[in-house]
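There are 2 protein chains.
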Amino acid sequence: MKAPKSLYNLILANVAKHIALTAEEKKFFCSLLRVKKLRKRQYLLQAGDVSRFEQFVTKGCLRAYYADEQGHERIVQFALEGWWIGDMASFFSGEPATLTIEAMEDSELFQIDRNDFELLLEKIPKFERFFRILLSNAHIAHQRRVLSHLTGGAQERYLDLRTKYPSFEQRIPLRHIASYLGVTPEFLSRMRKQLAKKK
Amino acid sequence: MKAPKSLYNLILANVAKHIALTAEEKKFFCSLLRVKKLRKRQYLLQAGDVSRFEQFVTKGCLRAYYADEQGHERIVQFALEGWWIGDMASFFSGEPATLTIEAMEDSELFQIDRNDFELLLEKIPKFERFFRILLSNAHIAHQRRVLSHLTGGAQERYLDLRTKYPSFEQRIPLRHIASYLGVTPEFLSRMRKQLAKKK
DNA sequence: ACCTACATCAATAAAATTTCTTGACCTCCT
DNA sequence: AGGAGGTCAAGAAATTTTATTGATGTAGGT
Numbered sequence: 052m053k054a055p056k057s058l059y060n061l062i063l064a065n066v067a068k069h070i071a072l073t074a075e076e077k078k079f080f081c082s083l084l085r086v087k088k089l090r091k092r093q094y095l096l097q098a099g100d101v102s103r104f105e106q107f108v109t110k111g112c113l114r115a116y117y118a119d120e121q122g123h124e125r126i127v128q129f130a131l132e133g134w135w136i137g138d139m140a141s142f143f144s145g146e147p148a149t150l151t152i153e154a155m156e157d158s159e160l161f162q163i164d165r166n167d168f169e170l171l172l173e174k175i176p177k178f179e180r181f182f183r184i185l186l187s188n189a190h191i192a193h194q195r196r197v198l199s200h201l202t203g204g205a206q207e208r209y210l211d212l213r214t215k216y217p218s219f220e221q222r223i224p225l226r227h228i229a230s231y232l233g234v235t236p237e238f239l240s241r242m243r244k245q246l247a248k249k250k
Numbered sequence: 052m053k054a055p056k057s058l059y060n061l062i063l064a065n066v067a068k069h070i071a072l073t074a075e076e077k078k079f080f081c082s083l084l085r086v087k088k089l090r091k092r093q094y095l096l097q098a099g100d101v102s103r104f105e106q107f108v109t110k111g112c113l114r115a116y117y118a119d120e121q122g123h124e125r126i127v128q129f130a131l132e133g134w135w136i137g138d139m140a141s142f143f144s145g146e147p148a149t150l151t152i153e154a155m156e157d158s159e160l161f162q163i164d165r166n167d168f169e170l171l172l173e174k175i176p177k178f179e180r181f182f183r184i185l186l187s188n189a190h191i192a193h194q195r196r197v198l199s200h201l202t203g204g205a206q207e208r209y210l211d212l213r214t215k216y217p218s219f220e221q222r223i224p225l226r227h228i229a230s231y232l233g234v235t236p237e238f239l240s241r242m243r244k245q246l247a248k249k250k
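Chains as they are written, first to last, in our numbering: chain A, 52 to 250; chain B, 52 to 250.
If you want it as structure tokens, here you go:
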């Protein structure tokens, strides 16, 4: 270990939500993690590069987005402390990433490398379960998002986001929230004004 | 070719300063180049990563520096349009880079990859000469810099820089110039005040 | 034909960040 | 003792990034 203990506690607590590890196992797991620091606006991953890591955020705040040729960005995920983020597709397949991941604040992450990841699953099969749960949660959340786009209006999505993640508004620039919601920053700005009036 | 012709002209002109190429050779050379775009503050290379490319700046402005553990940066090179930049040590040896290279403006580069570089030298041996000249120029400049540190004061170095590269002051933040000169930004600021008074 | 829900573009305002300058006070060298 | 230069803290200035607003447009639903 070469990171302060408290950081490991954060990720261990995250793991403990789904599987129970022995002291030995915890130690082994932590030994596979490496710390990565990013400055604000720095890319963790750029579309086109291969993603060799999955990561867990211990500090800061990142966004993952697809960018089309015209430079239009569609944000698909935010990640704050305690969240996992990465381009799974590229990580597992070894193909170039389609996602770009960028730090929105100075951030710190734990990274686990593709090989160590395999090693981990081999040594501690319980992690299969852990990552399955992670993935399935992500999948469910994704489905919900798609659904909300099909059924509801932007205002509804905005309110949902606000109640579900109240901290976002304080930490994430509005234009990024707009991109996440699938509207323009201008429109989000107007929506907020509306809502403020009503109350 | 997939970049506008004028960009190729810039790099071809640079090459032509030292060696003459046939149309065929030019075409081959250009075919090995790939375009890389960087946003302001983005790293081209981070200390610790392996540098797989050498690059030629077609737009923007970058700096290369060593950072010590305390985060102190010592700038060793600036590169504007028409300059080559990279961590040769890492490029040739395959060892992790000790230099960090960062864009100071949104920038565009041509990159040539290690393998293609070898290929180039093999196919067009004239490039041996070209890169030798490049290297030796860099070497000479480096020697001069060391010398100026041993003999002269900071003011002298500053004035030299200003006459040699007048454009620097307009494009490069003073604190970077200070770092390049080996003084603190505060001290540089005072030196400038002094000089302004005298004239 | 007329809403509603949203987009675009341009201008401006407001906030945040980065850069530069200054003052006060060291230190080392000769 | 004086010159060359450093550190730290505070402000001022410049630049960049974000957010807001107004004007105007479009597509789909009723």
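A virtual CB, placed ideally from N, CA and C, is assigned to each residue, including glycine.
- For the stretch 91 to 114 of chain A, the set of residues with a beta-carbon nearer than 8 Å to any beta-carbon of chain B comprises R92, Q93 and Y94, in chain order.
- Spatial neighbours of E179 of chain A in its own chain (CB-CB distance under 6 Å, excluding positions within 5 residues in sequence) are listed in chain order as L172.
- Between the stretch 102 to 116 of chain B and the stretch 188 to 198 of chain B, the count of C-beta pairs closer than 8 Å stays below three; the two stretches do not touch.
- Assigned with DSSP and collapsed to three states, Q121 of chain A falls in coil, not helix or strand.
- For the 8 Å CB-CB criterion, F161 of chain B and F107 of chain B form a contact.
- In the three-state reduction of the DSSP assignment, D211 of chain B falls in the helix class, which pools H, G and I.
- A130 of chain A and S218 of chain B have their C-alpha atoms some 42 Å from each other.
- Here DSSP, grouped into helix, strand and coil, assigns E146 of chain B to coil.
- Excluding residues up to 5 positions away in sequence, Q106, V108, L113, A115, Q128, A130 and I152 lie with their Cβ nearer than 7 Å to the Cβ of I136 of chain A in the same chain.
- In the three-state scheme derived from DSSP, where H, G and I count as helix and E and B as strand, D100 of chain A is classed as coil.
- Rounded to whole angstroms, the separation of the alpha carbons of I191 of chain B and K77 of chain A is 54 Å.
- By the C-beta criterion, the stretch 138 to 147 of chain A is judged not to be in contact with the stretch 79 to 94 of chain A, since fewer than 3 inter-stretch pairs fall below 8 Å.
- Short of 8 Å from the beta carbon of R208 of chain A, and not among the five residues preceding or following it, lie these beta carbons of its own chain, in chain order: S199, H200, L232 and G233.
- When DSSP states are grouped into helix, strand and coil, T235 of chain B belongs to the coil group.
- Assigned with DSSP and collapsed to three states, I184 of chain A falls in helix.
- Checking the DSSP bridge columns, you'll see R114 of chain A partnered with A:F129 and A:E153.
- The beta carbons of L83 of chain B and D211 of chain B sit no closer together than 8 Å.
- Within the same chain, T151 come within 6 Å of Q97 of chain A by CB-CB distance, once the 5 residues on both sides are set aside.
- According to DSSP, I136 of chain A shares a beta bridge with A:Q106.
- The three-state secondary structure of Q162 of chain B, taken from DSSP, is strand.
- In chain order, P147 and A148 place their CB closer than 7 Å to the CB of D100 of chain A, counting only its own chain and leaving out the 5 sequence neighbours on each side.
- In the DSSP assignment, K177 of chain B forms no beta bridge with any residue.
- Here DSSP, grouped into helix, strand and coil, assigns L83 of chain A to coil.
- Going by C-alpha positions, Y94 of chain A is about 9 Å away from Y94 of chain B.
- Selection B:A67, B:K110 and B:Q206 evaluated against Q245 of chain B yields B:Q206 as nearest (Cα-Cα).
- In this structure, DSSP gives K88 of chain A an extended state, which the three-state scheme calls strand.
- Between K177 of chain B and I62 of chain B, the C-beta spacing is not below 8 Å.
- In the three-state scheme derived from DSSP, where H, G and I count as helix and E and B as strand, L72 of chain B is classed as coil.
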